[in-house]
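Participant:
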Amino acid sequence: MEATVSTYAIIIERAETGGYGAWCPDLPGCVAVADDQDECLRLMREAVEFHLGGMRQSGEPIPHPTTIAA
Numbered sequence: 008m009e010a011t012v013s014t015y016a017i018i019i020e021r022a023e024t025g026g027y028g029a030w031c032p033d034l035p036g037c038v039a040v041a042d043d044q045d046e047c048l049r050l051m052r053e054a055v056e057f058h059l060g061g062m063r064q065s066g067e068p069i070p071h072p073t074t075i076a077a
């Protein structure tokens, strides 16, 4: 069985009080926060993998990534 790779958009925002927060529009509740942007991105990638793994384990349907135009 061939694995399918999906790419989900994430939004990274700088907090007014310092640090960064990130979220994924296609995966409600999937978030990460960190002191710097690189760490926030790394944590968010882990969060997406963990979130999708939990959805698979509980038998929830996996959403298709939304196409975003810049």
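Going left to right, the sequence shown walks through residues 8 to 77 as this note's numbering numbers them.
Even for Gly, the Cβ is constructed at its ideal location relative to N, Cα and C.
In this text the structure is predicted, and so the values were computed from the model without any measurement.
Cα-Cα, which of G66, L34, A41, R49 is closest to S13?
Facilitator: For the purposes of this step, residue 13 is taken as residue 6 along the sequence shown, with counting starting at 1. The candidate whose alpha carbon is nearest that of S13 is L34.
Participant: Closest to P70 by C-alpha separation, out of G28, E20, P32, would be which residue?
Facilitator: Within the sequence shown, residue 70 is the residue found at index 63, counting from 1. Among G28, E20, P32, the Cα nearest to that of P70 belongs to P32.
Participant: Does the Cβ of I75 have 16 or more other Cβ atoms within 10 Å, making it buried, or fewer, making it exposed?
Facilitator: Along the sequence shown, one-based indexing puts residue 75 at 68. Per the 10 Å Cβ criterion, exposed.
Participant: Can you tell me where the beta strand (DSSP E) holding E23 begins and where it ends?
Facilitator: Reading the sequence shown from its first residue, position 16 is the one you call residue 23. Here E23 belongs to no beta strand (DSSP E), and DSSP marks it neither H nor E.
Participant: Closer than 6 Å by C-beta to M51: which residues in its own chain qualify, once you throw out the five before and the five after it? Chain order, please.
Facilitator: Along the sequence shown, read from residue 1 onward, the residue named residue 51 stands at position 44. I17, A29, A39.
Participant: Taking Q44 as the reference, give the member of E20, Q64, E53, T73 with the closest Cα.
Facilitator: Numbered from its first residue, the sequence shown carries residue 44 at position 37. Out of E20, Q64, E53, T73, E20 has the C-alpha closest to the C-alpha of Q44.
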